[in-house]
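Protein chains in written order, with my numbering: chain A, 1 to 354; chain B, 355 to 708; chain C, 709 to 1062; chain D, 1063 to 1416; chain E, 1417 to 1770. For every residue, glycine included, the Cβ atom is placed at its ideal position computed from N, Cα and C. Keep in mind that this is a model prediction, so the values were computed, not measured. One structure below.
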Amino acid sequence: MARFIKDRIAAKGQMPGSLVLIGNQKMENPVIRLMEFDAENLVEKDLGSIEEAAVCLNSEGTSWINIYGIHDLEMIRRMGEIFELHPLLLEDIMNTDQLPKYDDGDDYDAFILKMLKYDEEARLISAEQFSLIVGHRYVLTLQEQVGDVFNPVRERIRNTKKRARLIDPDYLSYALLDTIVDNYIIIVETLGRNIEALEERLFSRPDKTLVEEIYKYKTELSYLRKSVRPVKELMSHFLRSDHTMFDEKYLHYLRDLNELVIQASDAIELYNGMISDHLNIYHTNVSNRTNEVMKVLTIFASIFIPLTFIAGIYGMNFEFIPELKFKYGYLGFWIVVIIVGGGLLIYFRRKKWL
Amino acid sequence: MARFIKDRIAAKGQMPGSLVLIGNQKMENPVIRLMEFDAENLVEKDLGSIEEAAVCLNSEGTSWINIYGIHDLEMIRRMGEIFELHPLLLEDIMNTDQLPKYDDGDDYDAFILKMLKYDEEARLISAEQFSLIVGHRYVLTLQEQVGDVFNPVRERIRNTKKRARLIDPDYLSYALLDTIVDNYIIIVETLGRNIEALEERLFSRPDKTLVEEIYKYKTELSYLRKSVRPVKELMSHFLRSDHTMFDEKYLHYLRDLNELVIQASDAIELYNGMISDHLNIYHTNVSNRTNEVMKVLTIFASIFIPLTFIAGIYGMNFEFIPELKFKYGYLGFWIVVIIVGGGLLIYFRRKKWL
Amino acid sequence: MARFIKDRIAAKGQMPGSLVLIGNQKMENPVIRLMEFDAENLVEKDLGSIEEAAVCLNSEGTSWINIYGIHDLEMIRRMGEIFELHPLLLEDIMNTDQLPKYDDGDDYDAFILKMLKYDEEARLISAEQFSLIVGHRYVLTLQEQVGDVFNPVRERIRNTKKRARLIDPDYLSYALLDTIVDNYIIIVETLGRNIEALEERLFSRPDKTLVEEIYKYKTELSYLRKSVRPVKELMSHFLRSDHTMFDEKYLHYLRDLNELVIQASDAIELYNGMISDHLNIYHTNVSNRTNEVMKVLTIFASIFIPLTFIAGIYGMNFEFIPELKFKYGYLGFWIVVIIVGGGLLIYFRRKKWL
Amino acid sequence: MARFIKDRIAAKGQMPGSLVLIGNQKMENPVIRLMEFDAENLVEKDLGSIEEAAVCLNSEGTSWINIYGIHDLEMIRRMGEIFELHPLLLEDIMNTDQLPKYDDGDDYDAFILKMLKYDEEARLISAEQFSLIVGHRYVLTLQEQVGDVFNPVRERIRNTKKRARLIDPDYLSYALLDTIVDNYIIIVETLGRNIEALEERLFSRPDKTLVEEIYKYKTELSYLRKSVRPVKELMSHFLRSDHTMFDEKYLHYLRDLNELVIQASDAIELYNGMISDHLNIYHTNVSNRTNEVMKVLTIFASIFIPLTFIAGIYGMNFEFIPELKFKYGYLGFWIVVIIVGGGLLIYFRRKKWL
Amino acid sequence: MARFIKDRIAAKGQMPGSLVLIGNQKMENPVIRLMEFDAENLVEKDLGSIEEAAVCLNSEGTSWINIYGIHDLEMIRRMGEIFELHPLLLEDIMNTDQLPKYDDGDDYDAFILKMLKYDEEARLISAEQFSLIVGHRYVLTLQEQVGDVFNPVRERIRNTKKRARLIDPDYLSYALLDTIVDNYIIIVETLGRNIEALEERLFSRPDKTLVEEIYKYKTELSYLRKSVRPVKELMSHFLRSDHTMFDEKYLHYLRDLNELVIQASDAIELYNGMISDHLNIYHTNVSNRTNEVMKVLTIFASIFIPLTFIAGIYGMNFEFIPELKFKYGYLGFWIVVIIVGGGLLIYFRRKKWL
């Protein structure tokens, strides 16, 4: 299965606009968690079915409904009915290959973007689709599986004192988006640190595995860019939107978030340029070392091959080789060897090969 | 014949605006298939001539007239008269090298784009021109030859229950376009999967055929891009158009289609970058291996060539070579061999060539 | 003389705005041909001087005045007076290095672009300046020398039946421009076919001349681009112009022409990318082959150099070499040779060099 | 720690919008210096706490409050209260990874940008966050540590005569920004001088360390670009802003400053292109030298290996080798050697390898 | 001193906006030349001081005041007072690193651009700052040193007949700017001709100095681009300006000048692409030649090394080597040599190395 674009075979033969999960199903049964709270109270529980969430629409407090698992068509459909979501939005939520996008519904704002994880051991980034729908009194989030980066936000909700601002669903949404974008930067920083660390090996120990690592990082940067870059457009689309339900006073925060995304994006490009430089430098270094190896060979061969020829001459068995009978023949041989060998040494030194 | 641009020799000396088939004729006689249907009835038949299609214009039901074969000038001309199409549109339909375009006629909307096929064996994408004209009660499609990707849509029409929305020609058009774009993504995904699979061979078994494959994929990606990229412009042109006959309520769907095209386009760029990286990495690896081969040669030659010279010395037939008469001369020779050979081994180890 | 930009030495020291021929004079005396026609009549003749063309301004019929040779300052000046052309337009007409441009005069529209010729043998594109001025009842064209691509248009004018639309000078202009742009596409196609044909040689017979051909095509594509790309801007300038004299009903045709130019331009970029890939692939293949050559050398040398050393040992003339006297000494030598040689063969096979 | 993007680990789990120092703390206790002056008087002193700065708000003279050290959350918070700064601005001030930005507050204009230092020895640029807030009668600047480039400005303030224009806080701000941007250009110039100096070594002494230097400069240029490029956007944002408090008459100066930034930016791109060329040239030169080394080896080996073979033949001990008994056998041997050797020499000369 | 950006050390510690010469002083004392003329009269003289130029402001005729040498602060300041120039304009005039710019003053238009000179021998372009200020009845030009390209204009002024249009200061300015831009094109053409000439050497005599030349041209093109490209922006800024004093009727000429700049700029990009191709081709050719050298070595070594081994065998002194005693042993040896040698020759021919 291609990693950079997902198979739509499942969607083939389906009517456009029908609900189909595009991508892999990552867990068995969906889990629905609810946090309902106001300044004083907090109810935290798992819901048996999405219908139980309907009450949140009319409750006084703020509800954060967090759904793990987006493969259950029936549940998604019913969720769509309860929260009056547009059918195409539901389709987008289920398409895990969906580009990050912002959608301004009648009574809600919807954001779809990627939640990233970096497995430092395998040096592999994995992406999970994250959908956030914010309505008048609720925030609805959907993830592909259990496990996320939102625990600090949850802790804050559980803490009566720190909860204050989070009671506004708009601010809660911002806090969640901010957590995701912060996580982008943390991943860029981790990759960046590793890439910068390659530099030293590039010059001191440039072995073969280095190319493989360079390639790895290049691929992961592409993957990262694929997830992060469209968030810039999402943001600018959102900030230009007239129909947003977002409270004016939080726009400033979102503009700040936008800057974070730009910063992540810039750093990705920067590291991408750097890793390309690494490959070029590596290649140049390989050529450099080949050159050095060649010099050693050439010096050895060019000195000893002629000498061996001379020795070969006097190893011949011709009956008449006058030199063989000279008293100082052998001495003469050595003198010739020293002159030829020394001459070649001087020649190579002049060429700066030694 | 060039694959990326088609010969216009046929058009040479013709008046501009005259009807000429640009490209190859792919079948003998055009085939015209009609599906006429409303909520209850479905008539499916082959028409003997394009004139029989004229009744569709005034029929109550929805008609999908599907023409295979676009080389019959006479038929195209008469079709133009019956459906009141602009002469330049007819010319575009017959020019199989036409860039994808959207045309808003007086009583119709016309889309020209490419239908792609990927022959996995030959690793070759082939493109066929697909023209779609949607009027008040009909959809007229033209293809170069029999055989297409629309069977799921046809099945749905044949199924009385699922037919509902397809009765609107606008929605039917959308369904057809969506099928084509979905097919783009499937092809990108297939290519992408193959390209990603090259990675493993790149590092473990980098043989010569790999370059050829890399080149192949690069060419196919160019071909794909040539067909897909202009669809983005087509879409934005269409979405900005004021004169479109399209029902407002379907624009949302077409905007979604637009996103699919962008996604395909982005993935093509991404894979294009990746395949270029592959070539670079391959080249670097070749240099790396040359370097290694050179080291082996240099080590062998640099050690044994001097030793052979020494052996050569004592193979000489000078009458007076004192060493030859030494009792331990031969032993001394071996000692020298071991010292020289061992010294060179240590030298090469120090250089980290061993 | 530089091919990509022309010497302005001739213009040095001249007042700006003075008429000077920039580029080479390509023929002796200018030739002026007139075709004057209406629905029934056609007069075709060579004019002795430009003054004779003055009558065309007031004639009932349509006149196509075709001037070959633009080096005669006096003639150009008088032409300017007769047709009331702006002095800077005259200067542009005589500057064969002029970028393609559109100029909307008071009573005329002027187009300056390049007419290309491809000499298949020398694999060289040559460009000739083509200027077209269209007024109320005349079309005035200027070329650097006799010989062009317009014969099909002339034939059509001579044919009373096919002449109909060409009576309108606007349509005649369009037909001429269309012929030129069609010719661009034919050249792109020819180059493209040749470039695509290189692919096979790239993998089967990559000899040295291939680099030279690759370079040739790259240069010709640059030359082509230099002539074609600015036509896109010319077109968009023209289509945005408010002062154009062009009949509204032909704008549709010119928009179509614009698409042709874009298509040619896209194909040039595509082939440019492809030829760059060819060079990269070629380079990689050369490295690949060097690698292979090296392997052969290394295998031969690494096996036989040590063996030669062994043979050298027993070719020494030490008085005391015990092995020489062993009964099975020679047999033992062969056993050692087979073990060492075989061992190295196995080693190289393990390294996959064999 | 990555140099190109900073770790946000510190911010993890914090509420967005809370004050956290991102980056390293560079000094122990913050130092607050005040220069309060009008045309006649100048008070210069270190403040014990930020509260003492509050009086500046209502003083008649101009105050420049310069704070070194931005890690003290409490101080930053109180400063925010005193000068009525937006909480997000405070957050930006403490985030040393903040992209350069301009912020138009209610009663102030704020600029955040980088102050650069170039350590010529380590060939390393270091960046420090510089924040400037200009209000009605004060200029507030924040730096990460003691030590800056503003001494010329301070000297001028101390000089009663030259002080004149600096009394206007707007002009003072401009002078500070101008000093920073001038410093950018000085660094670009230093790097540029070094890069241009590489050229000579590139052709005369291209040793291995050169690659390392090339890489160094490439990295530093990236670092420089990262700091300088966003200042262009800051400037254009500022110049387009409607809410700026800046006096109209200084806009001209700031437009001039903008040009300086563009110039620095252009020079960075130029040097970046040049350093890339250097790497390419270096690589080509390495290949060139390998080629030369190979030629020497090939000439030596190709001449002497066959000759050694010939000598080897007559060193064989076959009982019947007729040539050995020829009177002129040895002479003949030398004639063969000279013919073979000379022939090869001529061959190599013809190939232009000699 | 860096060539591509100039040291601002001189400006360090100076107040922004103070007059400082940035760049080298190129001559001792400034020279001021005046040409004052109307249709009938012409006064040409050297002025002792800038104050003498003040009368030009109220004279009836047209004055061209040409100042050579811009390092005299006092003179520049007084000039600013006399002609009422903005202080920042004066600063720009003295900053020889100033980007080309257009400035619309209250009573004047100012242009700052580069005057280029190409030293064909050293293959070096040098740039000199040229400032042109055009007021109601005067044209004021400033150059860094004596010597320029304006002699044709001066000659024309001296010629009573040809002087006519130059009496208008706007037209005179245009003539001067046109001369400078024409000179750009002449330099591009000279460089271009040289670059195109490299092509032949690239394939027939690719020696080492070629890389150096390629690099030279690449650097000069960068230098050229640095001076020419901003003139495009200068022009578009000027053409969009509302406050220009330029007579409407000359805008057409300046638009033409703009086209010349675009043409020069396009040619620079084109030659830049071509010189990069040259480097790539050169590198590929070097690899090609290395490959060939390797083949020669491999063929020689692979044939003679095994043969030498065989000869070595029969040069051994084992007491018992049966072959040595065979009657046809020596003949057999030659047969083996021919079989082995011939076999290898056939092998290499099959591999197409011969």
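- [ ] Note the first and the last residue of the continuous alpha helix (DSSP H) segment covering residue 964 of chain C.
- [x] In the third sequence, counting from the first residue as 1, residue 964 of chain C sits at position 256. Looking at the DSSP string, the run of the alpha helix (DSSP H) that includes residue 964 of chain C is 956-1021.
TODO: Starting from residue 921 of chain C, trace the alpha helix (DSSP H) both ways and give me its first and last residue.
DONE: Counting from one through the third sequence, the residue named residue 921 of chain C turns up at place 213. Run containing residue 921 of chain C: 917-948, per the alpha helix (DSSP H) assignment.
Open item on the list: Ignoring anything shorter than 4 residues, give me the alpha helix (DSSP H) runs that lie fully in the segment 470-539 of chain B, in order along the chain.
Closed with: Taken in chain order, the complete alpha helix (DSSP H) segments of 4 residues or longer contained in the segment 470-539 of chain B are 505-512.
Task: Beta carbon proximity, residue 188 of chain A to chain D, threshold 8 Å - done: Here residue 188 of chain A refers to the residue found at position 188 when the first sequence is read from its first residue. At a cut-off of 8 Å, the C-beta of residue 188 of chain A has a neighbouring C-beta in chain D.
Task: Residues near residue 1107 of chain D in its chain [Cβ-Cβ closer than 7 Å; skip 5 each side] - done: Here residue 1107 of chain D refers to the residue found at position 45 when the fourth sequence is read from its first residue. Hits under 7 Å: 1096.
- [ ] Would you decide whether residue 1198 of chain D is buried or exposed? Buried here means 16 or more other CB atoms lie within 10 Å of its CB.
- [x] The residue given as residue 1198 of chain D occupies position 136 in the fourth sequence. The Cβ neighbour count for residue 1198 of chain D, taken over all protein chains shown within 10 Å, is under 16; the residue is labelled exposed.
Task: Distance between residue 141 of chain A and residue 204 of chain A (C-alpha atoms, nearest Å) - done: Taking the first residue of the first sequence as 1, we reach residue 204 of chain A at position 204. Taking the first residue of the first sequence as 1, we reach residue 141 of chain A at position 141. Put simply, the backbone Cα of residue 204 of chain A is about 49 Å away from that of residue 141 of chain A.
Open item on the list: Measuring alpha carbon to alpha carbon, tell me which residue in B/636, B/416 and B/483 is nearest residue 519 of chain B.
Closed with: As a working mapping, residue 519 of chain B is identified with position 165 in the second sequence. When each option's Cα is compared against that of residue 519 of chain B, the closest is B/416.
Open item on the list: Would residue 894 of chain C and residue 1608 of chain E be called neighbours here (beta carbons separated by less than 8 Å)?
Closed with: Position 186 of the third sequence holds residue 894 of chain C. Position 192 of the fifth sequence holds residue 1608 of chain E. Cβ atoms of residue 894 of chain C and residue 1608 of chain E: not closer than 8 Å.
Task: residue 784 of chain C vs residue 798 of chain C beta-carbon contact at 8 Å - done: Your numbering for residue 784 of chain C matches position 76 in the third sequence. Your numbering for residue 798 of chain C matches position 90 in the third sequence. Yes, they are a contact pair.
Open item on the list: As a quick exercise: from C/745, C/1060, C/907 and C/1053, pick the residue whose alpha carbon is nearest that of residue 767 of chain C.
Closed with: To locate residue 767 of chain C, count along the third sequence from 1; it is residue 59. That would be C/745, whose Cα lies nearest to the Cα of residue 767 of chain C.
TODO: Could you tell me whether the Cβ of residue 665 of chain B comes closer than 8 Å to any Cβ of chain C?
DONE: Locating residue 665 of chain B in the second sequence gives position 311, counting from the first residue. For residue 665 of chain B, the nearest beta carbon of chain C is closer than 8 Å to its own beta carbon.
Task: Helix, strand or coil at residue 54 of chain A [DSSP, three-state] - done: Position 54 of the first sequence, counted from the start, is the residue given in the question as residue 54 of chain A. Reduced to three states, the DSSP call for residue 54 of chain A is helix.
Task: Three-way DSSP call (helix, strand, coil) for residue 464 of chain B in this model - done: In the second sequence, the residue the question calls residue 464 of chain B occupies position 110. Residue 464 of chain B falls in the strand class under three-state DSSP.
Task: Closer than 8 Å to chain A by CB, residue 1069 of chain D - done: If you number the fourth sequence from 1, residue 1069 of chain D lands on position 7. It does; some Cβ of chain A falls within 8 Å.
Task: Touching by the beta-carbon criterion (3+ pairs, under 8 Å), the segment 1643-1657 of chain E and the segment 1621-1630 of chain E - done: Taking a cut-off of 8 Å on C-beta distances, the segment 1643-1657 of chain E does not touch the segment 1621-1630 of chain E, as fewer than three cross pairs fall below it.
Open item on the list: Rounded to whole angstroms, what is the Cα-Cα separation between residue 1033 of chain C and residue 1742 of chain E?
Closed with: Translated into the one-based positions of the third sequence, residue 1033 of chain C becomes position 325. Translated into the one-based positions of the fifth sequence, residue 1742 of chain E becomes position 326. Cα-Cα distance, rounded: 20 Å.
Open item on the list: Beta-carbon within less than 6 Å of residue 953 of chain C's beta-carbon, same chain only, minus the 5 sequence neighbours each way: which residues are those?
Closed with: On the third sequence, residue 953 of chain C is found 245 positions in, with the first residue counted as 1. Cβ within range, chain order: 817.
Open item on the list: Quick check: is the beta carbon of residue 315 of chain A nearer than 8 Å to any beta carbon in chain B?
Closed with: Position 315 of the first sequence holds residue 315 of chain A. Chain B, which has a Cβ nearer than 8 Å to the Cβ of residue 315 of chain A, makes this yes.
Open item on the list: Check whether the segment 693-700 of chain B and the segment 1035-1054 of chain C are in contact - that is, three or more C-beta pairs closer than 8 Å.
Closed with: No, because fewer than three Cβ pairs between the segment 693-700 of chain B and the segment 1035-1054 of chain C fall closer than 8 Å, the two stretches do not touch.
Task: Reference residue 1284 of chain D; option with closest CA among D/1333, D/1237, D/1316 and D/1312 - done: By one-based count along the fourth sequence, residue 1284 of chain D stands at place 222. It is D/1333 whose Cα lies nearest to the Cα of residue 1284 of chain D.
Task: Endpoints, the alpha helix (DSSP H) within which residue 1137 of chain D is located - done: The residue given as residue 1137 of chain D occupies position 75 in the fourth sequence. 1135-1145 is the extent of the alpha helix (DSSP H) around residue 1137 of chain D.
Task: At least three beta-carbon pairs within less than 8 Å, the segment 1173-1184 of chain D to the segment 1287-1298 of chain D - done: Enough Cβ pairs lie closer than 8 Å, so yes.
- [ ] Measuring only between beta-carbons, confirm whether residue 222 of chain A sits less than 8 Å from chain B.
- [x] Walking along the first sequence from the start, residue 222 of chain A turns up at place 222. Closer than 8 Å to some Cβ of chain B, the Cβ of residue 222 of chain A qualifies, so yes.
Open item on the list: Quick check: the Cα distance between residue 572 of chain B and residue 1246 of chain D, rounded to an integer number of angstroms?
Closed with: Numbered from 1 along the second sequence, position 218 holds the residue referred to as residue 572 of chain B. Numbered from 1 along the fourth sequence, position 184 holds the residue referred to as residue 1246 of chain D. Near 42 Å, if we compare the C-alpha coordinates of residue 1246 of chain D and residue 572 of chain B.
Open item on the list: Excluding the 5 residues flanking residue 1234 of chain D on each side, which residues of the same chain have their C-beta closer than 6 Å to its C-beta?
Closed with: Within the fourth sequence, residue 1234 of chain D is the residue found at index 172, counting from 1. Cβ within range, chain order: 1201 and 1228.
- [ ] Just tell me which of B/501, B/499, B/530 and B/620 has its CA closest to the CA of residue 543 of chain B.
- [x] Looking up residue 543 of chain B in the second sequence gives position 189. Selection B/501, B/499, B/530 and B/620 evaluated against residue 543 of chain B yields B/620 as nearest (Cα-Cα).
Task: Three-state secondary structure assigned by DSSP to residue 912 of chain C - done: Position 204 of the third sequence, counted from the start, is the residue given in the question as residue 912 of chain C. Reduced to three states, the DSSP call for residue 912 of chain C is helix.
Open item on the list: What does DSSP give as the partner residue(s) for residue 1061 of chain C in the beta ladder?
Closed with: As a first step, residue 1061 of chain C is located in the third sequence; it is residue number 353 there, counting from the start. Looking at the DSSP assignment, residue 1061 of chain C forms no beta bridge with any residue, so it has no partner.
TODO: Anything in the segment 990-1006 of chain C with a Cβ closer than 8 Å to a Cβ of chain B? List those residues in chain order, please.
DONE: Listed in sequence order: 991, 992, 993, 995, 996, 998, 999, 1002, 1003, 1005 and 1006.
Task: residue 773 of chain C - containing alpha helix (DSSP H), residue span - done: Locating residue 773 of chain C in the third sequence gives position 65, where the first residue counts as 1. For residue 773 of chain C, there is no enclosing alpha helix (DSSP H); the enclosing beta strand (DSSP E) covers residues 770-776.
- [ ] Please compile the residues from chain A whose C-beta is within a distance smaller than 7 Å of the C-beta of residue 1302 of chain D.
- [x] Your numbering for residue 1302 of chain D matches position 240 in the fourth sequence. Going along chain A, no residue has its Cβ under 7 Å from residue 1302 of chain D, so there is no contact; the nearest lies around 16 Å.
Open item on the list: Using beta carbons (cut-off 8 Å, strictly below), is residue 960 of chain C in contact with chain B?
Closed with: Counted from its first residue, the third sequence places residue 960 of chain C at position 252. Chain B, which has a Cβ nearer than 8 Å to the Cβ of residue 960 of chain C, makes this yes.
TODO: Please report the Cβ distance between residue 1675 of chain E and residue 1541 of chain E, rounded to the nearest whole angstrom; I am assuming they are in contact, meaning their Cβ atoms lie under 8 Å.
DONE: Locating residue 1675 of chain E in the fifth sequence gives position 259, where the first residue counts as 1. Locating residue 1541 of chain E in the fifth sequence gives position 125, where the first residue counts as 1. About 23 Å separates the two Cβ atoms, so there is no contact after all.
Task: Cβ-based neighbour list, residue 1085 of chain D, same chain, cut-off 7 Å, excluding 5 preceding and 5 following - done: In the fourth sequence, the residue the question calls residue 1085 of chain D occupies position 23. Cβ within range, chain order: 1068, 1158 and 1159.
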